[in-house]
Structures are given as C-alpha cells and as structure tokens.
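K.L.:
The opening residue of the sequence shown carries number 99 in this note's numbering; numbering runs sequentially from there. Where is the CB? At the ideal position from N, CA and C, for every residue including glycine.
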Amino acid sequence: MITSEDLDSEGCIYVNMDNCFECVRQAGEFCTKENRLIETLWSCNRPEGPNNGCTGVEGNETVIHWLVGMAPPPPGVRLWPTDSAVHVFWDNSSETTADVRANRIDFESYRIWRADNWTRPFGSSVENGPESSLWQLIAEYDYVNEFVNTRTLSDGTTVTDTLPLGTNTGLEQIRYRPRVLDDPFQLPAPGLAEAMRLVVAADTLGRYVERPALYDREGLPIPELAGLLPWQGYPAALDTFFMVTGREELLPSHTPKQPLSFYEYTDPAVHNGFLYFYSVTATDHAIRINPNNSLTVIGAGLVGDPGSSFMHTNPGSSSQTVAERERDGANIFVYPNPATREALAEFQQFSPNSDDPTGVRINFTNLPRAHNTVKIFTLDGDLVETIEHDGTGGYGEASWNLVSRNGQEVVSEIYLFTVQSDDDRFEDFIGKFVVIR
99 MITSEDLDSE GCIYVNMDNC FECVRQAGEF CTKENRLIET LWSCNRPEGP NNGCTGVEGN
159 ETVIHWLVGM APPPPGVRLW PTDSAVHVFW DNSSETTADV RANRIDFESY RIWRADNWTR
219 PFGSSVENGP ESSLWQLIAE YDYVNEFVNT RTLSDGTTVT DTLPLGTNTG LEQIRYRPRV
279 LDDPFQLPAP GLAEAMRLVV AADTLGRYVE RPALYDREGL PIPELAGLLP WQGYPAALDT
339 FFMVTGREEL LPSHTPKQPL SFYEYTDPAV HNGFLYFYSV TATDHAIRIN PNNSLTVIGA
399 GLVGDPGSSF MHTNPGSSSQ TVAERERDGA NIFVYPNPAT REALAEFQQF SPNSDDPTGV
459 RINFTNLPRA HNTVKIFTLD GDLVETIEHD GTGGYGEASW NLVSRNGQEV VSEIYLFTVQ
519 SDDDRFEDFI GKFVVIR
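(1) Would you tell me roughly how many angstroms separate the C-alpha atoms of aspartate 426 and tyrosine 433, rounded to the nearest one?
(2) When DSSP labels each residue in this structure, what does alanine 237 get in the three-state scheme?
(3) Would you say the region 476-484 touches the region 380-393, given that touching needs at least three Cβ pairs under 8 Å?
(4) Which residues in the same chain have their Cβ closer than 7 Å to the Cβ of alanine 291, if we skip the five residues on either side of it in sequence?
(5) Run through DSSP, which three-state label would serine 252 get?
(6) Does the Cβ of proline 228 have 16 or more other Cβ atoms within 10 Å, making it buried, or fewer, making it exposed?
(7) Rounded to whole angstroms, what's the CA-CA distance from glycine 157 to glutamate 347? Just pull it up for me.
(8) Count the other CB atoms, across all protein chains shown, that sit within 10 Å of the CB of aspartate 189; report buried if there are 16 or more and exposed otherwise.
(9) For histidine 487, which residues from the same chain have a beta carbon less than 7 Å from its beta carbon, with the 5 sequence-adjacent residues on both sides left out?
(10) Alpha carbons only, please: which of Pro436, Asn451, Ala437 and Arg467 is nearest the one belonging to asparagine 429?
(11) In three-state DSSP terms, what is methionine 409?
(12) Give a yes or no on whether the C-beta atoms belonging to glycine 399 and histidine 383 are separated by under 8 Å.
(13) Quick one: grab the DSSP three-state call for phenylalanine 448.
(14) Need the endpoints of the alpha helix (DSSP H) that valine 420 sits in, please.
(15) So is threonine 343 buried or exposed if we call it buried at 16+ other beta carbons inside 10 Å?
(16) In whole angstroms, what is the alpha-carbon distance linking glycine 289 and proline 170?
(17) Between the region 509-520 and the region 402-417, are three or more C-beta pairs nearer than 8 Å?
(18) Which same chain residues end up closer than 6 Å to leucine 442 when comparing Cβ atoms and leaving out the 5 residues on each side of it in sequence?
(19) Could you tell me the boundaries of the beta strand (DSSP E) in which proline 74 lies?
(20) For serine 519, list the residues DSSP reports as bridge partners.
(21) Among all the DSSP beta bridges, which residues are the ones paired with aspartate 488?
(22) For glycine 489, which option in Glu127, Thr180, Ala293 and Gly126 has the closest C-alpha, if you only look at C-alpha atoms?
(23) Counting C-beta neighbours from all protein chains within 10 Å, is the total for isoleucine 272 16 or more, i.e. buried, or is it exposed?
(24) Within 10 angstroms of its Cβ, does tyrosine 493 collect 16 or more other Cβ (buried), or is it exposed?
(25) Measuring straight from C-alpha to C-alpha, what distance separates histidine 178 and valine 186?
(26) For proline 354, which option in Arg345, Leu318 and Phe360 has the closest C-alpha, if you only look at C-alpha atoms?
(27) Counting along the chain, where does the beta strand (DSSP E) carrying phenylalanine 187 start and finish?
(28) Grab me the residues of glycine 174's own chain with a C-beta within less than 7 Å of its C-beta, minus the 5 sequence neighbours each way, in chain order.
(29) Can you tell me the Cα-Cα spacing of methionine 409 and serine 182, whole angstroms?
(30) Give me whichever residues DSSP pairs with tyrosine 363 in a beta bridge.
(31) If I measure Cβ to Cβ from isoleucine 203 and keep anything under 8 Å in the same chain, skipping five residues before and after, which residues do I get?
(32) Helix, strand or coil: which one does DSSP assign to phenylalanine 527?
(33) Judging by CA-CA distance, which residue of Ser223, Tyr239, Val184 and Leu323 is the nearest neighbour of phenylalanine 205?
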C-alpha cells in the first residue's frame with residue numbers, strides 16, 4: 099500500500115522505470131528520493147529542463163509522440179429511404195478536422211459504402227452491423243489535385259512525374275443545400291437565420307456543441323435563447339440553421355465555430371423492403387513533414403473503416419397522398435404474396451432471435467399519408483394482429499413477421515386485412531393475402 103511516507107516533497111513516488119536506468123547512466127550512481135538526481139542532474143521530468151520529455155537508452159534521448167496515423171473521422175450521416183432508392187446525406191466535418199499526427203487539415207475524398215445480403219447471423223444485430231466482407235464501395239468523390247513523384251531510372255536519370263491524386267471527380271456534383279434554408283414559407287416567421295446568428299455569435303466560449311434546448315430543467319425559457327422561441331415547433335429547421343451558422347475567433351479567448359455544408363448521394367440500385375447498411379468514410383494523403391514544418395503530399399493515404407460508423411434503412415414506396423388516391427385509387431397490396439416458404443426466404447430472411455422469432459416478414463405497401471391502423475383477420479373474422487403505421491413522413495410501408503397477437507406463428511391460410519386512416523379523405527381499404535407454410 100502506498101502511504102504519504104513514500105512520496106517526496108512534491109507528492110511524487112519513485113518506481114522502477116526506464117527513466118531510472120537512464121538517470122543512473124548519466125549520473126553515475128542510483129537516483130533516489132534523497133539525492134534527487136532525477137530532478138536536478140537529469141531533469142527529464144521538468145518541462146523547462148534541457149532534457150524535458152526525453153525517453154531513451156544509452157543516450158538516444160528523443161521525444162516520442164504516441165500517435166499513429168489515422169484517416170479523417172467519418173462525417174455525420176443521415177439516410178432518407180424512398181421508393182427503390184436511398185438518399186445518403188452527410189456533412190463536411192471530415193474536411194475541417196485536423197490530422198491527429200500532423201495537426202493539419204489533411205483530406206482527400208469521401209467514400210460511400212453499402213452492405214447487402216446481411217442475414218443477421220446468430221448473435222448479431224443491426225447495432226453490431228455487417229461483417230467486413232459485405233461492405234462494397236459504391237461511389238467515391240475527391241478533390242481535384244495532383245502530386246509530384248520523383249523516380250530514378252536504371253541509367254541514373256531522375257524523372258519527375260505529375261500524377262493525379264485519385265479520380266479527381268470534384269465535390270461540386272454532390273453538394274446539397276437544405277431546402278429549409280431557402281424556403282422561409284415553411285416556417286412561421288422570417289428571420290431565423292439572423293436569430294441563430296446572434297445566438298451563435300454570443301456563445302464565444304463554444305458551450306453549444308449542438309443546438310441547445312430552448313428551455314431549462316424547470317421548463318422556463320432560457321433568456322439568451324429567447325430569440326429562437328418563434329421556431330420552437332420546427333426542431334429540424336433549428337438544427338439545420340445551427341449547423342450552417344459559423345462564428346469567427348475575434349479574440350484569443352474566443353472559440354470559433356466552423357459552419358457545416360452538406361452532400362447528397364442517391365443510390366438507385368436497391369429493392370424495396372430489403373435492409374441495407376450505409377457508411378461514409380474519408381481518406382487523406384500520404385504526407386511528408388519537411389524540416390521547415392511544411393507538408394509534401396507523396397501519394398494516397400489512409401482510408402476510414404466503414405464498419406466503424408454506419409446506418410441502416412429499408413427503402414420502400416412513398417405513402418399515398420390524397421391527390422394520388424383521388425387520381426389513381428387505392429393501390430395498397432402485400433408482398434410477397436403468396437407468402438410461400440421460398441418467397442419468404444428470398445425476401446432477405448434473417449436468422450431468428452428473441453425479438454424476431456421467425457426471421458421472415460411481409461410488407462404492406464402504398465399506405466396512405468396519414469396515421470394508419472392495419473388489422474389482419476382470418477376468413478372467420480378473428481383478429482390476428484394490429485399494426486400501427488405513420489405515413490405522414492412520406493414512408494408508405496409497414497411490415498409483419500407472421501406472428502399473431504398471441505405470440506404464435508400463423509398457419510397456411512387466406513387472410514384479410516383492413517387499412518383505416520385518421521384522415522377522413524382516405525376511405526377504409528380491405529385486401530387479402532395468402533400464407534403457405
């Protein structure tokens with residue numbers, strides 16, 4: 099047990115370590131608490147000393163930075179599933195984060211990854227994500243730049259090549275500007291941009307890493323955020339305006355805030371109802387730090403791991419609007435139908451688990467853009483299951499795992515279903531489907 103008697107006057111304790119061996123080598127005798135040679139002669143532990151921070155053996159003292167090269171951090175990502183497509187949105191934070199080793203901005207490209215054919219192996223979940231072999235690169239967008247490569251031929255001639263660094267696609271083609279920034283008519287009043295600018299500018303210490311809550315724990319409005327109260331019913335708009343609003347470092351004591359911009363990639367090579375994982379990673383350059391502390395790019399660098407940051411979604415049909423119902427009529431149906439063993443297996447069957455004992459499902463599609471209740475009945479009129487669906491956000495599908503409300507797997511039969519909406523403009527719908535086990 100360590101007691102106060104083991105500590106010196108500065109509260110330090112002497113233990114066996116590499117520094118002790120180096121201190122003995124330099125001092126010619128053991129360094130102890132009494133002679134304090136480790137603090138006086140060697141001075142390796144004094145920041146202001148000539149040997150500060152040194153570690154070494156046989157005089158090879160040097161500062162060792164325990165940092166390894168890393169790719170830029172992954173950006174913030176959001177997915178929007180639509181009919182036979184997935185929209186991938188992300189921010190530009192990877193372009194504004196300094197490299198941990200060089201302490202410089204070192205960004206080259208974004209890579210968009212997708213994982214298909216995941217079957218939820220035993221013991222896994224969507225939170226764990228897919229195995230590394232399932233990730234496939236579906237797109238990459240990079241800066242337009244080049245680097246110089248110098249090589250020596252067999253005859254001693256030195257050749258300098260100017261090579262493109264990547265495919266040089268540029269980022270302009272994927273830039274995305276949120277609609278809410280240019281469409282104030284969706285909001286209750288104009289002026290949100292200026293109100294947010296005042297809030298961000300006043301936060302000179304950078305306390306707000308994300309958009310702050312407008313009320314305190316007692317439910318009272320926070321005075322310095324009162325200017326945002328007219329838009330409290332639009333949290334997504336508040337979040338967006340906060341992210342795109344920057345703050346300059348006007349004084350040394352100020353903390354700047356980097357405004358974010360956004361990108362969008364649309365993946366059309368997907369099927370409705372299937373589960374897909376997406377990841378956006380960043381790459382950097384292979385760099386050389388020169389004696390004058392400048393950087394020289396010498397080639398392609400590190401690539402982020404898609405398994406370190408990912409999201410999942412199921413594309414599906416859009417919910418049917420009132421105008422579409424009036425024009426096209428109700429087009430609600432179930433797939434796969436009939437739900438045979440083979441069809442269910444092809445529809446991305448998962449390994450069963452405690453939350454999903456069957457691993458199979460059917461989907462109800464083209465549901466109304468409203469709050470809907472789907473009820474499933476036997477031909478005798480017995481209620482089998484009730485499914486609640488919210489189509490107000492535009493997603494028009496709901497799934498069922500073929501387990502009744504009593505916790506039993508349903509048997510082969512013809513089933514009826516009804517769709518009732520809280521919007522009276524959508525008439526009740528009755529349909530049917532077949533299960534063959």
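P.N.:
Concretely, from the data shown:
(1) Against the sequence shown, residue 426 aligns to sequence position 328. Against the sequence shown, residue 433 aligns to sequence position 335. Using only the alpha carbons, I get a separation of about 20 Å.
(2) As a working note, residue 237 is residue 139 in the sequence shown. The answer is strand: DSSP assigns alanine 237 an E or B state.
(3) no
(4) Residue numbering aside, residue 291 sits at position 193 when the sequence shown is read from its first letter. Apart from sequence neighbours up to five positions away, the residues of its chain that approach alanine 291 with a beta-carbon distance below 7 Å are Phe339, ordered along the chain.
(5) Position 154 of the sequence shown, counted from the start, is the residue given in the question as residue 252. Coil, per DSSP.
(6) Looking up residue 228 in the sequence shown gives position 130. Buried, because 16 or more other Cβ atoms sit within 10 Å of the Cβ of proline 228.
(7) Mapped onto the sequence shown, residue 157 falls at position 59. Mapped onto the sequence shown, residue 347 falls at position 249. Here the model assigns glycine 157 a pLDDT of 47, short of 50, so the residue's position is not dependable, and the following value carries that caveat. Rounded to the nearest angstrom, the two C-alpha atoms are 44 Å apart.
(8) If you number the sequence shown from 1, residue 189 lands on position 91. Looking at its Cβ environment, which holds 16 or more other Cβ atoms inside 10 Å, aspartate 189 is buried.
(9) Locating residue 487 in the sequence shown gives position 389, where the first residue counts as 1. Leu465, Asn470, Val472 and Ala496.
(10) Residue mapping note: residue 429 aligns to position 331 of the sequence shown, counting from 1. Between asparagine 429 and the set Pro436, Asn451, Ala437 and Arg467, the nearest pair of CA atoms involves Arg467.
(11) Taking the sequence shown and counting its residues from 1, one reaches residue 409 at position 311. Strand, per DSSP.
(12) Indexing the sequence shown from 1 puts residue 399 at position 301. Indexing the sequence shown from 1 puts residue 383 at position 285. In contact: glycine 399 and histidine 383 (Cβ atoms closer than 8 Å).
(13) Within the sequence shown, residue 448 is the residue found at index 350, counting from 1. Residue state, collapsed to three classes: coil.
(14) Within the sequence shown, residue 420 is the residue found at index 322, counting from 1. Start and end: 420-426.
(15) Here residue 343 corresponds to residue number 245 of the sequence shown, with the count starting at 1. When all chains shown are included, threonine 343 counts as buried.
(16) Mapped onto the sequence shown, residue 289 falls at position 191. Mapped onto the sequence shown, residue 170 falls at position 72. The straight-line gap from Cα to Cα measures roughly 35 Å.
(17) no
(18) The count along the sequence shown starts at 1 and reaches residue 442 at position 344. So the qualifying residues of the chain are Val458.
(19) Because the chain is modelled from 99 through 535, residue 74 falls outside the range shown and cannot be assessed.
(20) Taking the sequence shown and counting its residues from 1, one reaches residue 519 at position 421. Looking at the DSSP assignment, serine 519 forms a beta bridge with Asn470.
(21) Position 390 of the sequence shown, counting from 1, holds the residue named residue 488. His469.
(22) Translated into the one-based positions of the sequence shown, residue 489 becomes position 391. Minimum Cα distance to glycine 489 is reached at Thr180.
(23) Sequence index remark: in the sequence shown, residue 272 carries index 174 (1-based). That one is buried.
(24) Taking the sequence shown and counting its residues from 1, the one referred to as residue 493 is at position 395. The residue is buried, with at least 16 neighbouring Cβ atoms inside 10 Å.
(25) Stepping through the sequence shown from its first residue, residue 178 is reached at position 80. Stepping through the sequence shown from its first residue, residue 186 is reached at position 88. Looking at the sequence itself, residue 178 is tryptophan, so the reference to histidine does not match. Roughly 7 Å between the two C-alpha positions.
(26) Here residue 354 corresponds to residue number 256 of the sequence shown, with the count starting at 1. Comparing alpha-carbon positions, the option among Arg345, Leu318 and Phe360 lying closest to proline 354 turns out to be Arg345.
(27) Locating residue 187 in the sequence shown gives position 89, where the first residue counts as 1. Segment 183-189, the beta strand (DSSP E) holding phenylalanine 187.
(28) Counting from one through the sequence shown, the residue named residue 174 turns up at place 76. Counting only Cβ-Cβ distances below 7 Å, and skipping sequence neighbours, we find Trp188, Asp189 and Ser191.
(29) Within the sequence shown, residue 409 is the residue found at index 311, counting from 1. Within the sequence shown, residue 182 is the residue found at index 84, counting from 1. So the alpha carbons of these two residues sit roughly 18 Å apart.
(30) Walking along the sequence shown from the start, residue 363 turns up at place 265. Answer is Val186.
(31) Indexing the sequence shown from 1 puts residue 203 at position 105. Listed in chain order, the non-local C-beta contacts of isoleucine 203 below 8 Å within the same chain comprise Glu193, Thr194, Thr195, Ala196 and Asp197, local neighbours out to five positions each way being set aside.
(32) For the purposes of this step, residue 527 is taken as residue 429 along the sequence shown, with counting starting at 1. Looking at phenylalanine 527 - three-state DSSP - the assignment turns out to be strand.
(33) Here the question's residue 205 lines up with position 107 in the sequence shown. Closest option to phenylalanine 205, Cα to Cα, is Tyr239.
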